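Written out below as structure tokens is the structure these notes cover.
Numbering (the numbering used here), first residue to last: 178 to 566.
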């Protein structure tokens with residue numbers, strides 16, 4: 178859709194989009210925005226916590242539980258001597274959608290307007306249209322319906338979707354692995370049972386992701402956008418954990434939990450890195466192809482930047498957080514004094530900026546399937562794309 182056709186709809190449509198943003202908290206307080214033209218196209222993100230911005234509060238990880246936790250807590254207010262997550266998540270913190278000011282779409286380095294409709298914890302049912310099983314989630318209408326309402330008469334450059342992890346039950350699987358590690362007696366690796374469970378569930382995950390993309394395309398058509406007039410991208414998930422050969426804490430000991438925040442057996446670390454994440458990525462790729470969407474493979478985007486990786490370190494008084502040395506994932510949190518449990522094993526401030534770079538690079542290229550990786554020892558601006566063969 179051209180900018181002239183958008184102007185023809187008048188300012189009422191623009192006001193509607195702004196209203197949607199305000200009600201759902203898609204523009205968090207404190208978000209930094211590039212100055213863009215009023216008729217610039219939108220890039221919209223839909224889906225779950227990995228694209229909503231969960232864990233964007235944290236710039237790396239620290240074992241220090243006091244004050245700003247060595248500068249990693251971006252919500253810390255020194256003057257108030259308190260931490261307020263609204264500084265990062267805006268009003269979306271109130272319902273737990275946790276759309277951060279550096280969420281992937283907010284971190285785009287493009288001359289576009291940005292709309293984040295994704296919500297932490299969302300399954301495919303939270304995205305799909307109501308007539309196809311879409312449901313309100315955390316007090317908000319289905320994301321496809323919100324998308325349709327927001328972009329009717331608006332120019333759109335791309336819609337980017339992250340979905341499948343919650344349909345799979347990823348959080349419950351990882352939680353069980355953690356519980357096994359922390360058992361005082363009798364704990365054992367979760368991988369054997371979990372791998373069978375994952376394999377059994379993946380076909381349904383694929384269908385749910387494909388159906389979600391179909392509903393997104395339907396919502397866009399209803400909003401006046403024909404296929405080919407915008408980019409539709411489905412992305413996978415970066416691995417949160419290294420394999421056992423690269424874990425910073427040798428031996429299956431308690432220091433993997435405190436201070437490390439990676440309470441997993443060696444076998445489970447290797448399974449999650451070498452099997453779970455690749456399996457999910459391959460399934461999501463199949464869904465993208467089935468639905469006629471582009472696929473952005475993020476499975477290796479955080480290689481060497483995972484929680485407890487030997488090539489990262491915790492921030493401390495002598496080593497402030499930095500993209501070049503800090504972990505790009507939030508470590509496992511108890512939810513007591515180290516933030517929310519739901520932030521665990523999600524891309525943090527640095528990770529979200531890196532994913533924003535990946536998406537920027539993807540949208541600067543012609544449509545196609547690509548893999549995004551980081552550059553060892555470099556920052557979040559030094560990501561690289563390669564075509565998927």
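Quick reminder that beta carbons are idealized off the backbone N, C-alpha and C, glycines included. Here the structure is a predicted model, which is why all the values come from computation and not from measurement.
Indicate the three-state DSSP secondary structure (helix, strand or coil) for residue 520 in the structure shown. helix
Decide if the region 366–383 is in contact with the region 337–345; the criterion is three or more beta carbon pairs, one per stretch, under 8 angstroms apart. yes
Which residues in the same chain as residue 407 place their Cβ atom closer than 7 angstroms to its Cβ, once the five residues preceding and following it in sequence are excluded? 333, 334, 335, 336 and 397
Same chain, Cβ closer than 6 angstroms to residue 555, neighbours up to 5 away in sequence not counted: none
Going residue by residue through the region 239–310, where are the continuous alpha helix (DSSP H) segments of at least 4 residues, counting only ones entirely within it? 263–266
If you scan the region 506–563 from start to end, which runs of the alpha helix (DSSP H) of 4 or more residues do you find wholly inside it? 526–541
Using a Cβ distance threshold of 8 angstroms, determine whether the region 215–233 contacts the region 480–497, with at least three qualifying pairs required. no
Residue range of the unbroken alpha helix (DSSP H) whose run includes residue 334: No alpha helix (DSSP H) contains residue 334, which is instead part of the beta strand (DSSP E) from 333–339.
Which same chain residues end up closer than 7 angstroms to residue 391 when comparing Cβ atoms and leaving out the 5 residues on each side of it in sequence? 468
What does a CB cutoff of less than 6 angstroms around residue 441 pick up in its chain, not counting 5 residues either side in sequence? 354 and 358
Less than 6 angstroms between C-beta atoms, sequence neighbours within five positions excluded: which residues of the same chain meet that for residue 309? 392
Thinking C-beta only, is residue 461 closer than 7 angstroms to residue 416? no
Contact defined as beta carbons within less than 8 angstroms: I believe residue 547 pairs with residue 451. What is the distance between those atoms, to the nearest angstrom? No, residue 547 and residue 451 are not in contact; Cβ-Cβ is about 22 angstroms, not under 8 angstroms.
Applying the criterion that 16 or more other CB atoms from any shown protein chain within 10 Å of the CB defines a buried residue, is residue 508 buried or exposed? buried
Looking at the secondary structure, which residues open and close the alpha helix (DSSP H) in which residue 235 lies? From DSSP, residue 235 is part of no alpha helix (DSSP H); its letter is neither H nor E.
What's the call for residue 297, buried or exposed, on a 16-neighbour Cβ count within 10 Å? buried
The beta strand (DSSP E) that contains residue 442, what's its start and end? Premise fails: residue 442 is in no beta strand (DSSP E) and is neither H nor E.
Taking the straight line between their C-alpha atoms, what separation do you get for residue 200 and residue 530? The predicted model places residue 200 with a pLDDT of 30, which falls under 50 and marks its position as unreliable; any figure quoted below should be read in that light. Taking the straight line joining both Cα atoms gives about 25 angstroms.
Between the Cα of residue 264 and those of 278, 458 and 518, spot the shortest distance and give me the residue it belongs to. 278
Between residue 521 and residue 510, which are expected to be in contact by the criterion C-beta below 8 angstroms, what is the C-beta distance as a whole number of angstroms? 5 angstroms
Under 8 angstroms by Cβ, that's how I've got residue 330 and residue 401 pegged, so tell me the actual separation to the nearest angstrom. 6 angstroms
Please state whether DSSP places residue 412 in a helix, a strand or coil. strand
Does the separation of the CB atoms of residue 232 and residue 525 fall below 7 angstroms? yes
Between 553, 540 and 528, which lies nearest to residue 472 when the distance is taken from Cα to Cα? 540
Relative to the C-alpha of residue 506, which residue among 465, 427 and 419 is closest? 419
Ordered along the chain, which non-local residues of its own chain (more than five positions away) have a Cβ less than 7 angstroms from that of residue 274? 202, 229, 296, 297 and 315
In its own chain, which residues sit with a C-beta less than 7 angstroms from the C-beta of residue 500, not counting the 5 before and 5 after it? 527, 556 and 557
Pick from 237, 258 and 216 that is closest to residue 437, judged by C-alpha positions: 237
In chain order, what residues of the same chain have a beta carbon less than 8 angstroms from the beta carbon of residue 485, not counting five sequence neighbours either side? 418, 419, 424, 425, 426, 433, 437, 438, 439, 504 and 508
Residue environment, residue 428, which counts as buried when at least 16 other CB atoms sit within 10 Å: exposed
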